[in-house]
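Okay, so here's the structure we're looking at.
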Amino acid sequence: MPESVQPDTTPPSPGLPWGDEPYDDTRWWMVDTEPDTPVAAPRRVLVVVVLTAIAAAVSMPSQASGIGVPLIGITVIAAVLVGSPRRPSVAGILAVVAVVALLSVAAWRSAGWVSATCLALAVVTALAVVVDARSVRETALGAVLPIVFAPQAVWWVSRTVADARAGRRIDNVRGVAAVAALTVVLAVVFGALFATADTRFADLLDDVTPDLGPVSVGPQVVVGLAAALVVAVGAHLRWVRPRSPHRPAAPRPLGDTWMWAVPAGTVLGISVAFLLTQAPSLFGGDDYVQTTAGLTYADYARSGFWQLFVVTALTIVVVSVAWRRSARDTRTERALARGILGGLCLATLAVVASALHRMDLYTEAFGATRLRVGASAVEWWFAAVVVVLMAAGVGLRTRHLPRIIAAVTIGAALAFAVSNPDARIAATNVDRFADTGRIDIDYLAGLSPDATEELLHLPRPVRDCALAAIAADVAHTGRWTDLDLGRAHARSALDGAGIAPTATCPPR
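Shown next as structure tokens:
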């Protein structure tokens, strides 16, 4: 007799709006994933996603700086780590500390462009931590994977919500709808009455209630949802552990020595020739430049900085590629690689010195700006990277080179923030005004409150004009999440200075 077929009594899984397709991340990207990843997110992931959304919405600042920026960032990082199935490595912990340090810049610098730079670097570093990146390639992959896996992360967390409601079927749908409608009506009525009775409560409602007009849908709601999505994707990536498919280590694609030595040696020769022509101008002073080049010192400086900036960047690329392509098995091959590429690195440092010298002359003639100060900082960072490459070349070890360069980059960004670039810009222009009587008041008026103490050294009425916008900025308290040390120090420095937010600028 044929076997009787027992009916399937397995309860159906809770449905999702977009279906119950099998969980498979590899269809989204050609990467290997953890095979034991749970179909639905653990409950703690759902909890931290919800809590992060609320915390981010409450902590959102109204600008790029303020204590709200690090608060949101630290909340997101902590939530991802809580939702992670494993603890970060020692390198990961150090990277998390670096991320927190970068995020904290927004709490003690009011210059939005400085905070935004550190924030961007913090995001890249955090992505590297999430995917456990150990190389440049894995870091680049980590920048793409959050976008690729975002739909699956939403599906993953939604499964937890669906599983939580399984077995708790709502029978009285009409009753639930009626209670929800009544709750909304009562909240609106009582909220409106309390708002008209007290201005502080009205201000509180303005802060937490989204604008549902045709333009804005509530920045705080958007920030909260975005933070929740980031936590969901971050926790999801920590569980699935996406990584490049394992392949046997392939030997480096080496060629004959002349294939890298000729182009690299050519660049070295051109660089040396350029530096020989620059030596007299570096040490000859203003008279030599004007009599030989037929230019003013300012024109001479302006004419070449950006070209040297590009040359420095390209030379670093040439050195990196040539080092990878060079054979270093014999003593002769190692000596040749060190000689040509080491010489090219030394020449690059000299080019950096020439570029910085030109920028100093340019700044002396036309004043400091954010672009000029930022470009000089990048040149110094280029020099630090070249020094790291030279150190790696001496030891012939490049295993930890990406991490070292990452550490140098983070350290450079923090040092740049500590140096207070807006204050340095103001100080340079104040000194220039004292020497030449020339000043761009409109530009200085656009600096952040970080520049306040330096601008106070200007004489009246120029000082009042330069500080009027800053005085108006710090006088507006805004939300508590907008607080930062830069504004606090500026407010303290302006007390008793008599700077009117509506000061009239003198004719120029």
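The sequence shown: position 315 = 355 (the numbering used here), numbered continuously. Here a beta-carbon is modelled for each residue, glycine too, at the ideal position from N, C-alpha and C.
Considering only their Cβ atoms, is the gap separating residue j from residue i smaller than 9 Å?
i, j, result
"A138", "T165", "yes"
"A183", "L161", "no"
"W421", "L396", "no"
"A135", "T92", "no"
"V197", "A272", "yes"
"R149", "N460", "yes"
"C387", "T409", "Strictly speaking, residue 387 in this sequence is Ala, with Cys absent from that position. Against a cut-off of 9 Å, the Cβ pair of T409 and A387 comes out as no contact."
"A453", "L142", "yes"
"G113", "V79", "no"
"A467", "I380", "no"
"V448", "V470", "no"
"D524", "V154", "no"
"L441", "S394", "no"
"G407", "I510", "no"
"V385", "V413", "Correcting the residue type first, residue 385 is Cys in the shown sequence and not Val. For C385 and V413, no; Cβs fall outside 9 Å."
"V89", "G123", "yes"
"D496", "L487", "According to the sequence as given, residue 496 is Leu; it is not Asp. Not a contact, by the Cβ cut-off of 9 Å."
"M299", "R365", "yes"
Cα separation between residue i and residue j?
i, j, result
"V280", "R527", "43 Å"
"W195", "R83", "14 Å"
"V85", "Q103", "29 Å"
"G55", "L277", "Any reading at G55 must be qualified, since the residue scores a pLDDT of 41, below 50, and its modelled position is unreliable; the value itself is stated next. If I take the Cα positions, the gap works out to 24 Å."
"G152", "V359", "35 Å"
"F345", "V391", "10 Å"
"T521", "A417", "29 Å"
"H516", "I465", "24 Å"
"L308", "S99", "53 Å"
"L159", "R174", "21 Å"
"V255", "G518", "Unreliable positioning characterises V255 in this predicted model, as indicated by a pLDDT of 37, which lies under 50. The coordinate reading is nonetheless provided below. Cα to Cα, V255 sits roughly 22 Å from G518."
"A508", "A446", "40 Å"
"W68", "L401", "Legend: pLDDT at W68 = 42, less than 50; position of this residue unreliable, no value from coordinates given."
"R209", "A275", "Because R209 carries a pLDDT of 48, less than 50, the predicted location of this residue cannot be relied on, and no value is offered for it."
"S311", "A180", "31 Å"
"P101", "L111", "10 Å"
"G383", "D513", "51 Å"
"R531", "V502", "19 Å"
"L484", "H529", "18 Å"
"A313", "V357", "20 Å"
"A186", "V116", "In the sequence as displayed, the identity of residue 186 is Pro instead of Ala. Between P186 and V116, the C-alpha separation is close to 14 Å."
"M41", "T77", "Its pLDDT being 45, under 50, M41 is placed unreliably in this model, and the value from its coordinates should be taken loosely. C-alpha separation (whole angstroms): 43 Å."
"L315", "I450", "31 Å"
"G477", "D504", "16 Å"
"P125", "M430", "40 Å"
"P353", "R500", "Contrary to the premise, residue 353 reads as Ala rather than Pro in this sequence. The alpha-carbon atoms of A353 and R500 are separated by roughly 44 Å."
"I133", "A455", "21 Å"
Among the options, which one has its Cα closest to the Cα of residue i?
i, options, result
"S129", "I445, G414, V171 and D504", "V171"
"L269", "A491, Q192 and W300", "Q192"
"L498", "S416, F473, I187 and G152", "F473"
"T297", "A275, H516, R368 and F349", "R368"
"V434", "S488, G274 and A377", "A377"
"A375", "V176, L121 and A301", "A301"
"T492", "D535, I479 and A455", "D535"
"V169", "G414, L121, P489 and V425", "L121"
"A190", "P101, P282 and T157", "P282"
"V176", "V87, I444 and L316", "I444"
"Q260", "T157, V350, G108 and I133", "G108"
"V351", "A455, R439 and L389", "L389"
"T105", "V188, D504 and D490", "Rather than Thr, the amino acid found at residue 105 in this sequence is Ser. When only C-alpha atoms are compared, the closest one is D490."
If residue i and residue j are in contact, beta carbons under 8 Å, what's the gap, nearest whole angstrom?
i, j, result
"A506", "I481", "6 Å"
"G264", "A131", "The Cβ separation is near 31 Å, so there is no contact."
"A362", "R199", "Not really, about 50 Å apart at Cβ, beyond 8 Å."
"M399", "A423", "About 13 Å separates the two Cβ atoms, so there is no contact after all."
Where does the unbroken alpha helix (DSSP H) through residue i begin, and where does it stop?
i, result
"T372", "R371 to F406"
"I479", "Counting along the chain, I479 falls outside any alpha helix (DSSP H), and DSSP gives it neither H nor E."
"I450", "L441 to V458"
"Q260", "P259 to V280"
"G152", "G152 to V170"
"A367", "Counting along the chain, A367 falls outside any alpha helix (DSSP H), and DSSP gives it neither H nor E."
"R127", "Taken as a continuous stretch (DSSP letters only), R127 belongs to no alpha helix (DSSP H), as it is neither H nor E."
"A530", "L525 to L534"
"S99", "R83 to S99"
"R503", "V502 to A515"
"L495", "T492 to L495"
When you compare the CB of residue i with every CB in chain C, is at least one pair closer than 9 Å?
i, result
"V312", "The structure shown contains no chain C; it holds only a single protein chain."
Give a single yes or no on whether residue i has its beta carbon closer than 8 Å to a heavy atom of the ligand ADP.
i, result
"T200", "Of the ligands one can find in the structure shown there are none, so the ligand ADP has no counterpart to examine."
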